[in-house]
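Since the structure comes first, as structure tokens, the remarks are kept for the end.
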Amino acid sequence: MTTLNLVIQSPALSGDLIEHAAAIAEASGVQRLGTTAARILNVSDDISVREEIRRWGERVSVDTAYVTPGARLSDCKLLAMDMDSTLINIECIDEIAAFGGVKEQVASITEAAMRGEIKDFSESLIRRVAFLKGLSTEVLQSVYEQKLRLNPGAEQLVKTAQQAGLKVLLVSGGFTFFTEKLKALLGLDAAHANVLESSEGLLTGRVNGRILDAQGKADTLSTLAQELNAKTEQIIAIGDGANDLKMLGLAGYSVAYRAKPVVQAQAKYALNYSALDGVLNWFER
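Per the numbering used here, the sequence shown starts with residue 73, numbered consecutively.
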């Protein structure tokens, strides 16, 4: 039977929680990884035990991840991240729409697309961008300054990944106005997104060029992975919406971050309670 470790994480990870998880997982020992995480050693790989651990984690608000002992971050070559509601705290298009008084209409389409209820992402984006027609391009800067914040742990994750030799890719169904600013802010290696069309200082309600949809995200990741000669098990990909699924499917470490149910069901790992840099705790120093 394969030897595995179990990493558990929560902003308030008590000793009692660690002991309880170790007992359920039939572990041989425990390593504390600071105040928010612990590595539980040599756990049972029995399917029923795994399911019990999963249910326990949901019940007590603890993230659980089965990992291979000895795995190091430097073994990986590429970290790819979605932007809206993953790297950052907002859906940019919804906040742009708020300045035009149409946030409710746009946000309802965004939510349906992220849940996978609207299957054609490109069609959903075209519908949403049409609501933005006539808005000043200055609104984009206002959203960036007033609404956009990095999600907790983002800077630490990017910095540590790059120090370990990984290339960091931001790939978004959102807009280049924001991805380029984040690329500069965080020193990302690459960033790809959609281009909002404007004319004479106003948004036209259209997107320039080919829309970066779910397949486009996957293709962008695949191209960079080939350039880096990165195998599946050397790729970490993080996302939250249905349009991230094809990209996540290319990664050995597919991570659902505060994700919609359809993504939670298909990703190998999930961070529902921990910060983005919780990814780092899956690897040994």
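Just so it is clear, CB atoms sit at the ideal spot from N, CA and C, and this is done for glycine as well. Small disclaimer: the values here were computed from a predicted structure and weren't measured.
For the putative contact between residue i and residue j, defined by C-beta atoms under 8 Å, what is the C-beta separation to the nearest angstrom?
i: A152; j: L241; result: 4 Å
i: D135; j: I90; result: The Cβ separation is near 13 Å, so there is no contact.
i: K239; j: K149; result: 7 Å
i: L78; j: A95; result: L78 to A95, Cβ: 12 Å. No contact.
i: L204; j: V279; result: Not confirmed; about 10 Å, so no contact.
i: A342; j: L322; result: With a Cβ gap of about 18 Å, A342 and L322 do not count as contacting.
Which residues in the same chain have their Cβ closer than 7 Å to the Cβ of residue i, if we skip the five residues on either side of it in sequence?
i: I175; result: In the sequence as displayed, the identity of residue 175 is Lys instead of Ile. Hits under 7 Å: D166 and A169.
i: V132; result: L89
Taking Cβ positions only, does residue i come closer than 8 Å to chain B?
i: K219; result: In the structure shown, chain B does not exist; there is a single protein chain.
Tell me where the beta strand (DSSP E) around residue i begins and ends.
i: G246; result: K239 to F247
i: Y345; result: Segment: none, Y345 is in no beta strand (DSSP E) and carries neither H nor E.
i: G311; result: I307 to G311
i: E269; result: A262 to S271
i: L113; result: A109 to V115
Express the C-alpha separation of residue j and residue i in angstroms, rounding to a whole number.
i: K340; j: L274; result: 42 Å
i: V211; j: F171; result: 7 Å
i: T107; j: P83; result: 8 Å
i: E269; j: Q287; result: 22 Å
i: S208; j: A202; result: 14 Å
i: G246; j: I162; result: 11 Å
i: N114; j: A99; result: 5 Å
i: R282; j: F193; result: 12 Å
i: S116; j: E299; result: 38 Å
i: E217; j: A93; result: 42 Å
i: Q213; j: L257; result: 15 Å
i: G188; j: G173; result: 25 Å
i: K143; j: I112; result: One detail in the question is off: residue 143 reads as Ala in this sequence, not Lys. Those two C-alpha atoms are separated by around 14 Å.
i: G324; j: L220; result: 30 Å
Would residue i pass as a contact of residue j if the rule is Cβ separation under 8 Å?
i: T182; j: R200; result: yes
i: K359; j: D312; result: Summary: the structure shown does not reach residue 359, with the chain confined to residues 73 through 357, and so no result is reported for it.
i: F249; j: M155; result: no
i: L254; j: A263; result: yes
i: V351; j: I307; result: no
i: A137; j: P224; result: no
i: A226; j: L320; result: no
i: N266; j: L284; result: yes
i: L76; j: V121; result: no
i: A110; j: V102; result: yes
In terms of residue numbering, what span does the alpha helix (DSSP H) encompassing residue i cover?
i: E124; result: I119 to V132
i: L212; result: E210 to Q218
i: V201; result: F193 to A202
i: A94; result: G87 to I96
Excluding the five sequence neighbours on either side, which residues of its own chain have a C-beta within less than 8 Å of the C-beta of residue i, listed in chain order?
i: K318; result: A286, Q287, K289 and A290
Kindly list the residues whose CB is nearer than 6 Å to the CB of residue i, restricted to its own chain and excluding five residues on each side of it in sequence; keep chain order.
i: G237; result: S146
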